[in-house]
Structures are given as structure tokens and as C-alpha cells.
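Here's the structure we're looking at; comments come further down.
Residue numbers (our numbering): 942 to 1065.
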């Protein structure tokens, strides 16, 4: 594949991976590097209170919510990073991932959630 085609593919992939920016604005700062957590799949939707990402370990689904850095901008009182169990109401080909009410972990610091997630998926 030529360099030009590779750059085009990379641009398309990066725009798909940054769906949260379309829903919550280009200036929204996740505080985490998605390149380091490349197992996260963006499922952000403008009607949610913050960007969200899902991932799967075995048969289990999880949703990570990333709220605004400033607490006064948040609608919820949880930590900036909130990890919940989730269910797939779709199928493997067309997943429909919804968080349950089960909160697994919550914190404020980007490095803390990064380490927690990497340990959870077995990449410590």
C-alpha cells in the first residue's frame, strides 16, 4: 500500500475512533491517551452526559465513562472516570452495549484509570 493510501486509511480510522469529539466537541479532553488503551471502542452519544467507551474481556462487557475534568461541569457526582459492567443487547456483528447499574471502579486521576484498565485486561 502506498504512503498516500496509508495516510488516508489512518485519517479515516482516527476520525472514527474520535467519535466522542463529534458528540462532545473537539476540545473535550479525555485526560487519557486512547493509543495506549487501544482496546476501548468509542460508543459516545450526544444524549449521554459524557463520552463512553466499551470493551470486552471473555464474555463480559464493560463501559468506561469519561466525564469533564472540572467537577462543576459534571451532571453526576461520581469520579471523572467510571467503569461499569455492561450488557450486549445486540449480537457480535452488531453490538448494542448498555451499562448496567453495577459500578466496578471510579477515580479522578487519568494514570489511575489507565493502570486499573491495563491490569484488568491483563497487560500490567
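Glycine residues also receive a C-beta, built at the ideal position from the N, C-alpha and C atoms.
{"Query": "Nearest to residue 1023 (by Cα), restricted to the options 991, 1037, 1032, 1038", "Result": "991"}
{"Query": "Assigned secondary structure, residue 1028 (DSSP; H/G/I helix, E/B strand, else coil)", "Result": "strand"}
{"Query": "Collapsed DSSP secondary structure at residue 978 in the structure displayed", "Result": "coil"}
{"Query": "Local conformation of residue 1062 per DSSP, three classes", "Result": "coil"}
{"Query": "Best match in 963, 1059, 1012 for proximity to residue 993 [C-alpha to C-alpha]", "Result": "963"}
{"Query": "Option nearest residue 1032 by Cα separation, candidates 979, 1007, 1044, 1000", "Result": "1000"}
{"Query": "Assigned secondary structure, residue 962 (DSSP; H/G/I helix, E/B strand, else coil)", "Result": "helix"}
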